[in-house]
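Participant: Each residue of the sequence shown is one higher than the one before, counting from 24 in my numbering.
Handing you this structure, nothing more for now.
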Amino acid sequence: MKRNMLKDYKEQIQDADLVLVGIGRELRADRVIDFKKAITNEHYQNLIDKEDEDSKWMRTVYEREYLLSMKETDLFKELEEVLEGKEYFVVTSNDDGLLYHTHLKKDHVTAPCGNGDFFQCSAPCDEQLYPANLGLRDLIDYYEKTGKIEYLECPKCGKQLIFNVRTEETKSIYIEGAYLNSWASYTKWLQNTLNKKLFILELGEGFEVPSLFRWPFEKMAFYNEKATFVRVHHSLYQIGKEIKEKGIGIKMDSRDFLNIAHE
Ligand SMILES: [Zn+2]
């Protein structure tokens, strides 16, 4: 039998002591949620085809507000089902906060690149974080009343506020802090994986931030005698020969692997 869907690994996952999951770009919010359909607000709809910087920013404001206020989603249902009753931890390189709106155990998720739930100063003049939801609501209300697109200013220095997320552009100014508690839980959890039957599942991670979990997962698979490693990616699925005995690289879009509908 050809094994190429998550459900084909259910038995193996259920049989493991611990399950470690990494979630990357292929499962980012804008790839699993069609914002153009999901956000029906006419003001947002009118921004869709505009390519100027202001319109792009305003679209992001609507999309981030949508993500922050969304109810629990069943998008990751298949993953939740195979993890049912298991001791697991999930790490993601995405900055959309999406995993916090699934049914996964929130205290077993860490998102070191941010969740979009805070703003920070773009200077930055200090380490202060500002809850994003109020600011986003203000920007939307103002835009819908006046048709004008605004930005938020740092109350301390007047420079622009930006989302507290780690991207290629913001990596040198990204304020760490919001995720540090969950990161501490994660590293503590990892210490317990030694000599355990560990199932490592890496979904849709490319080479944007390989030091976050792509390389560490390979290392863990190599050093842990009882590890099993499954890597899924539409093009970057290859695994090194050192871990060939323990692992498999599946050439597939992670959305298909998890049975998530998309265009
Ligand atoms: Zn500032």
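The beta carbon of each residue, even a glycine, is placed where N, CA and C say it ideally should be.
How about Arg-48 and Glu-228: do their beta carbons lie closer than 8 Å?
Facilitator: If you number the sequence shown from 1, residue 48 lands on position 25. If you number the sequence shown from 1, residue 228 lands on position 205. Contact flag set, yes.
Participant: I need the DSSP call for Glu-176, collapsed to helix, strand or coil.
Facilitator: The sequence position of residue 176 within the sequence shown is 153, counting from 1. In the structure shown, Glu-176 sits in a strand (DSSP, three-state: E or B).
Participant: Can you list the alpha helix (DSSP H) stretches of 4 or more residues lying completely in the segment 78-139, in chain order?
Facilitator: Qualifying alpha helix (DSSP H) stretches, in chain order: 100-106.
Participant: Which two residues bound the contiguous beta strand (DSSP E) that contains Leu-7?
Facilitator: With the chain running from 24 to 286 in the structure shown, residue 7 is simply not present.
Participant: Just to confirm the assignment, what range does the alpha helix (DSSP H) spanning Gln-37 have?
Facilitator: Along the sequence shown, one-based indexing puts residue 37 at 14. Gln-37 -> alpha helix (DSSP H) spans 33-38.
Participant: So what does DSSP say about Glu-76, is it helix, strand or coil?
Facilitator: To locate residue 76, count along the sequence shown from 1; it is residue 53. Correct three-state label for Glu-76: helix.
Participant: For Leu-70 and Ser-116, what's the separation of their Cα atoms in angstroms?
Facilitator: Translated into the one-based positions of the sequence shown, residue 70 becomes position 47. Translated into the one-based positions of the sequence shown, residue 116 becomes position 93. Cα-Cα distance, rounded: 28 Å.
Participant: Between Ala-146 and ligand 1, is the CB less than 7 Å from at least one heavy atom?
Facilitator: Taking the sequence shown and counting its residues from 1, the one referred to as residue 146 is at position 123. Indeed, a heavy atom of ligand 1 lies less than 7 Å from the Cβ.
Participant: Would you call the CB atoms of Phe-252 and Gly-270 closer than 8 Å?
Facilitator: Counting from one through the sequence shown, the residue named residue 252 turns up at place 229. Counting from one through the sequence shown, the residue named residue 270 turns up at place 247. Yes, these two residues count as a Cβ contact at 8 Å.
Participant: Could you give the distance in angstroms between the alpha-carbon of Asp-140 and the alpha-carbon of Met-93?
Facilitator: Along the sequence shown, read from residue 1 onward, the residue named residue 140 stands at position 117. Along the sequence shown, read from residue 1 onward, the residue named residue 93 stands at position 70. Taking the straight line joining both Cα atoms gives about 13 Å.
Participant: Taking just the CA atoms, how far does Asn-215 sit from Glu-107?
Facilitator: The residue given as residue 107 occupies position 84 in the sequence shown. The residue given as residue 215 occupies position 192 in the sequence shown. If you take the alpha carbons of Glu-107 and Asn-215, they lie about 20 Å apart.
Participant: Using a Cβ-Cβ cutoff of less than 7 Å, which residues in the same chain neighbour Glu-101 once the five nearest sequence positions on both sides are dropped?
Facilitator: Taking the first residue of the sequence shown as position 1, residue 101 is located at position 78. Closer than 7 Å at Cβ, skipping near neighbours: Leu-29, Lys-30, Leu-281 and Asn-282.
Participant: Please report the distance separating the alpha-carbon of Gly-170 from that of Lys-59.
Facilitator: One-based indexing of the sequence shown puts residue 170 at position 147. One-based indexing of the sequence shown puts residue 59 at position 36. Straight-line Cα distance between these residues: approximately 20 Å.
Participant: Note down the Cα distance separating Tyr-89 from Phe-99, rounded to an integer number of angstroms.
Facilitator: As a first step, residue 89 is located in the sequence shown; it is residue number 66 there, counting from the start. As a first step, residue 99 is located in the sequence shown; it is residue number 76 there, counting from the start. Answer to the nearest angstrom: the Cα atoms are 18 Å apart.
Participant: Terminal residues of the continuous alpha helix (DSSP H) containing Arg-278?
Facilitator: Along the sequence shown, read from residue 1 onward, the residue named residue 278 stands at position 255. Where Arg-278 is concerned, the enclosing alpha helix (DSSP H) stretches over 277-280.
Participant: On the three-state DSSP scale, how would you describe Tyr-166?
Facilitator: The count along the sequence shown starts at 1 and reaches residue 166 at position 143. Here Tyr-166 sits in helix by DSSP.
Participant: Whole alpha helix (DSSP H) runs in the segment 182-266 with 4 or more residues, listed along the chain?
Facilitator: Counting only runs of 4 or more, we get 203-214 and 237-246.
Participant: On the DSSP bridge list, what partners appear for Gln-143?
Facilitator: To locate residue 143, count along the sequence shown from 1; it is residue 120. Per DSSP, Leu-152 and Ile-185.
Participant: How many whole angstroms separate the CB atoms of Ile-198 and Glu-150, which I take to be in contact at a CB cut-off of 8 Å?
Facilitator: Here residue 198 corresponds to residue number 175 of the sequence shown, with the count starting at 1. Here residue 150 corresponds to residue number 127 of the sequence shown, with the count starting at 1. Contact holds; Cβ gap of about 5 Å.
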